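Participant: In terms of this note's numbering, the sequence shown opens at residue -4 and continues consecutively. Quick reminder that beta carbons are idealized off the backbone N, C-alpha and C, glycines included. Since we're looking at a predicted model, the values are computed, not measured. Take a look at this one; I'll ask things after.
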Amino acid sequence: MSRTWTLFIIISLFPVFIFSQEQSNRLISKKDSLMPGMSTSIPFTLENNSDEAKTYDISITTSSSSINPILAKGEFQILPHETSVYLVPLRVGTETGQGIYSVIMNVTDRHNGISFTKNSKIIVSGHRNLLVTALNTPEFVRAGETIRASFLLKNNGNVTESIVLESKNAIVDNETSLVLEPNESKTITIHKVTNPELAQNEFQNLNLSVHSKGNPKENQDVYVSTQVISAKPSEKDIYHRLPVAFSLSFIGMQNMGVYNDGFQGEIYGKGALDKDNKNQIEFRAVTHNPVELNTFTQYEEYFVNYKRNNLSIHLGDKTYSSSYLTEFARYGRGAEIRYNFDKVSFGGFYNHPRFFRDIKDEFNFYSAFKIRKESEISVGYLYKTPRKEEIRYSEVRLDSNAHLPYAKGKFKVSNNITFSGELAYSTTQKTDGTAYLLQAEAVFKKLNGNFMYMKASPDFGGYFTNTNTFNGNISYNLTKKISFFANYMQDAKNFQRDTLLLAAPYRKYFQYGIQYKYIPSGFIILNNGYQTYKDRLEPKQFDYYERYFKVSINQQIGVFQVNVDGQFGKTDNYLTGFSGNSSFYSANLSFQKLRTSFNIFGSYAISSRYQLKNQRNIYYGARIFSRFSDKTSLSIFYQNNYMPEEYFKDRNLFELLFHQQLFPGNELDLSGRYSLQRGEIGDKDFIFSMRYTWRPNIPVQKTAEYISLSGNVGNLGIKKTEGIRLMLGSYLSITDKEGNYIFKNVIPGNYFLEIDRSTTEINDIPTQTFPAALSLINKENTFNFGLTTAANVQGHVKFLETGEKDQPDFDQIQSEKGKKKKESIIVEATNNDQTYRKICLIGENFDFTYLRPGDWTIKVYRNGLDKRYKISSDKFLFTLKPSETKKISINVVKQQIEIKYQKESLKVGYNEIKKKR
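Here it is, written out as structure tokens:
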């Protein structure tokens, strides 16, 4: 199709007199803000001050080869004493860069040969236009292979771009920073190595992000998708299975100079009994501990949990709880049941405590009423029976059977405020008592707070007796960087804890402070307060009151996380009766490298908390955890000592843990520890353990029946269809003489049927797209396909000259743009199922090989081809036959330009009245 350029050229056949030196603003404006690819006309003023008419020969040149005059030569006649305007039509090429250019008019007097030149400046504006297009990506790859995707990146603007390439989930093969000149294009490739151990087929997305430096908001993301076919698919199962672990441990312990060892077994399972996950079960059985009970060993335990819809049942050992005031936590052996209706639930439990000798049995019944989604009221009744022995194990002992009715509730009064509380009453043959609990929580945008107050009377027979406590915290975010906080905590003094572990020290403290986040990776905390610590055990190791000021700095420096603390205080030691200063300095450094995490810590203390005034202590240690692979890990921990406030619990001095998965479902764990047992200050004990675990999945429900897949591979002109190996997941089958195949005992599901190309001829191609996606759900399934010989397409991109003399030829354009900007087009071959694309340079050959016979369409895209050229035919439709090589020719031709002259002259001037003014 010819593009017609209409040019208005003022010729001196009809004189145009201008009686002023001023020019029209409309003519001047045509030289400003020109865009690439547009056409314009530039005015030049010519004057004839002589007494005779003149004829000029005119030629036009420009300072850039991409800006071309549509009429490079011409003649112009002008009458005596006349001033006229000569318009020069120009075309600004699409590749013209931003800047200022010159248009030069060379004028020669035909009568006397005198020459002179006129120069006019034009301004080409900047135009930014980056284009990213996905070229090719594989539809399928096998697990372990590399996905490679290619993209076309082209600068369709006229500004040189500095470009940044990124990918969130793949590796960019090219340099991540590059420079693209106007009209330059580049093919970008990315790749990703797939996991060879992939258990099932999955789609994987690859992306390429492109943006100019300094313009990250103009980011362009292009995604491609490839389906990865598992090379080692996990064995699908026709049974629903329950995960169960069987463990056998050999444990040895040197305890206070006495060595004991033995075996301990464990069975643990948790999961659903049916494929719909309606019947949930959890069970555990741990045999007797052959050594002294320790935090790092397991105590014997037996229990089973069952849950279905609204019904929950527990049989065996657990920590039973009725309410916070009546029985907060009591480990024992018993049973519990709960059933939930729409808004009402009922339940109860029986418990025989194992580590609290004052209570023989306890029974609990309760009911909960849901008022709203997050508000409910519960009422219950707890019945305790004491042991009859005379031995006294606690400070407060039940004298007879105890009855404890209670009520508790939680009320969400608004989206930000929640109130909760409890009221309980106890009665025995000799005493009566009460207890209550109040709690409030508020969460706002800048303000958060939580407060709790509890009080129990001296004769209350619940978990707490003769005590009260108040805990609260509040924080306020002044800005994004500054926040204030305050905390108050007071432990309950008298509570009926289990005797399995020792009691933590009695604490009472108040602190307030400010946190300032000076940078995103660092903050500082300043806080002031007081604290009281009192040992509950005898003989007491500490009892003090302390006022202190503390500074904490947390900073991320590269891969290192650094924490530094300093605390300065004044201590009143009630145990020894003296007062003194207490200062603590600590530092913690952590980082990760080579799949290994490191944590190094240390502290130095000058304290008056314990037996000596200004007692000096140094604490230091480290922890290293390395995951050598998904199957192997090693952990090492060391700490030289602990503060006396922690002696109520078991403490590790040295620990070594090694884990190894021998093969799927079988694991080996080795551990060794030097530790301080609870209540001990200096005597160290050694514990080691070797544990073997087997994790079978026990079938509990049959969910499907085995199925089969059969079919025939038709011979459509190839040598043979015998001996072709087909793969269906982990199943294999080989065709017989007639091309028949069968897969037996296949688990229902979605599969990909693949052909082993090494068992066919190099040009044999299936009549359907492979790998073929199959959904196998019927008892017997059939899938037939044929093999034929692949076809090919060969082509040539040719440039045809149309004979226009005033326009530069194609070779000239190519040489002007340089090798990097060589003109190209995109050729796409597609049928109903497959699409292939190639970037083809003009003047070169291209081909598409290994195409399935049938109907194909070849489409041609300009890919930013210069607007002065067009593609004669951009679409080809044909049918490929087996073994056929189809040849096509793509012609690129120059656009024809038609110039029309306006016969009537255009007069521009001023009248005599304006001139006289």
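Pick helix, strand or coil for Thr89, following the three-state DSSP scheme.
Facilitator: Note: Thr89 maps to coil in three-state DSSP.
Participant: Where Gly575 and Gly564 are concerned, what is the direct C-alpha to C-alpha distance, given to the nearest angstrom?
Facilitator: Between Gly575 and Gly564, the C-alpha separation is close to 9 Å.
Participant: Buried or exposed, going by whether 16 or more other CB atoms sit within 10 Å of the CB of Trp689?
Facilitator: exposed
Participant: Kindly list the residues whose CB is nearer than 8 Å to the CB of Ala699, restricted to its own chain and excluding five residues on each side of it in sequence; keep chain order.
Facilitator: Ile233, Ile742, Pro743
Participant: Beta strand (DSSP E) containing Ala129: first to last residue?
Facilitator: 125 to 131
Participant: At the level of alpha carbons, what is the spacing between Ser180 and Lys149?
Facilitator: 4 Å
Participant: Report the start-end ranges of each beta strand (DSSP E) in the region 457 to 483 that is 3 residues or longer and not cut off at the edges.
Facilitator: 462 to 472
Participant: Going by beta carbon distance, what residues of the same chain come within less than 6 Å of Val167, once the five residues before and after it are set aside?
Facilitator: Leu160, Ile185
Participant: With burial defined as no fewer than 16 other Cβ atoms inside 10 Å of the residue's Cβ, what is the status of Glu533: buried or exposed?
Facilitator: exposed
Participant: For Tyr709 and Arg847, what's the separation of their Cα atoms in angstroms?
Facilitator: Position check: residue 709 holds Gly in this sequence, whereas Tyr was assumed. Computed Cα separation, rounded: 15 Å.
Participant: With a threshold of 7 Å on Cβ separation, who are the neighbours of Phe111 within its own chain once the five nearest residues in sequence on each side are excluded?
Facilitator: Residues of the same chain with a CB within less than 7 Å of the CB of Phe111, apart from the 5 flanking positions on each side, are Val102 in chain order.
Participant: Quick one: grab the DSSP three-state call for Arg999.
Facilitator: Residue 999 is absent from the model: the chain starts at -4 and stops at 912.
Participant: Assuming Leu836 is part of the beta strand (DSSP E), what are its boundary residues?
Facilitator: 830 to 836
Participant: For Val223 and Leu748, what's the separation of their Cα atoms in angstroms?
Facilitator: 13 Å
Participant: Taking only the alpha-carbon atoms, compute the straight-line gap between Ser318 and Val695 and give it to the nearest angstrom.
Facilitator: Each residue's Cα considered, the two are about 37 Å apart.
Participant: Quick check: the region 627 to 646 against the region 248 to 259, are there 3 or more CB pairs under 8 Å?
Facilitator: The region 627 to 646 vs the region 248 to 259: no contact.
Participant: Am I right that Tyr539 and Tyr569 are in contact with their C-beta atoms under 8 Å? What's the rounded C-beta distance?
Facilitator: 6 Å
Participant: Does the distance from the C-beta atom of Phe586 to that of Gln556 stay below 8 Å?
Facilitator: yes
Participant: So what does DSSP say about Lys889, is it helix, strand or coil?
Facilitator: Secondary structure at Lys889: strand, using DSSP grouped into helix, strand and coil.
Participant: In whole angstroms, what is the alpha-carbon distance linking Glu371 and Pro515?
Facilitator: Going by the C-alpha atoms only, they are around 41 Å apart.
Participant: In the DSSP output, which residue or residues are listed as bridge partners for Lys588?
Facilitator: Thr591
Participant: DSSP on Pro75, reduced to helix/strand/coil?
Facilitator: Three-state DSSP puts Pro75 in coil, outside helix and strand.
Participant: Identify, in the order they occur along the chain, each residue of the same chain with its Cβ nearer than 8 Å to the Cβ of Gly121, setting aside the five sequence neighbours on each side.
Facilitator: Gln93, Gly152, Asn153, Val154
Participant: Can you give me the C-alpha to C-alpha distance between Arg531 and Arg542, rounded to a whole angstrom?
Facilitator: Cα to Cα, the separation comes out at about 21 Å.
Participant: Under the three-state reduction of DSSP, which class applies to Arg752: helix, strand or coil?
Facilitator: helix
Participant: For Asn364, count neighbouring C-beta atoms within 10 Å of its own C-beta (all shown protein chains included) and say buried if the count is 16 or more, exposed if not.
Facilitator: One point to set straight first is that residue 364 is Phe, not Asn, in the sequence displayed. With fewer than 16 Cβ atoms within 10 Å of its Cβ, Phe364 is classed as exposed.
Participant: Specify the secondary structure class of Lys212 as computed by DSSP and reduced to three states.
Facilitator: Secondary structure of Lys212 (DSSP, three-state): helix.
Participant: Does the beta-carbon distance from Val792 to Ile820 come in below 8 Å?
Facilitator: For the pair Val792 and Ile820, the CB atoms are nearer than the 8 Å cut-off.
Participant: With DSSP as the reference, please indicate the residues paired to Met922 in a beta bridge.
Facilitator: No information on residue 922 is available, as it lies outside the stretch -4 to 912 that the chain covers here.
Participant: Any contact of the region 701 to 721 with the region 768 to 780, i.e. 3+ C-beta pairs under 8 Å?
Facilitator: yes
Participant: Going by other Cβ atoms of all chains shown within 10 Å of its Cβ, with 16 needed for buried, is Phe805 buried or exposed?
Facilitator: Model confidence at Phe805 stands at a pLDDT of 48, short of 50, so the residue's coordinates are unreliable; what they give is reported in the following sentence. That one is buried.
Participant: With respect to the beta strand (DSSP E) encompassing Glu879, which residues constitute its N-terminal and C-terminal limits?
Facilitator: Taken as a continuous stretch (DSSP letters only), Glu879 belongs to no beta strand (DSSP E), as it is neither H nor E.
Participant: Taking the beta strand (DSSP E) that Gln741 belongs to, which residues open and close that run?
Facilitator: According to the sequence provided, residue 741 is Val. The question's Gln does not apply to it. Note, Val741: beta strand (DSSP E), 735 to 741.
Participant: Indicate whether Asn745 and Ser770 have their beta-carbon atoms separated by less than 8 Å.
Facilitator: Their beta carbons are under 8 Å apart, which means Asn745 touches Ser770 by this criterion.
Participant: Between which residues of its own chain and Arg720 is the CB-CB distance below 6 Å, once the five residues before and five after are set aside?
Facilitator: Ile729, Asp751, Thr754
Participant: Roughly how many angstroms lie between the CA atoms of Asp731 and Thr784, to the nearest whole one?
Facilitator: Asp731 and Thr784 have their C-alpha atoms roughly 20 Å apart.
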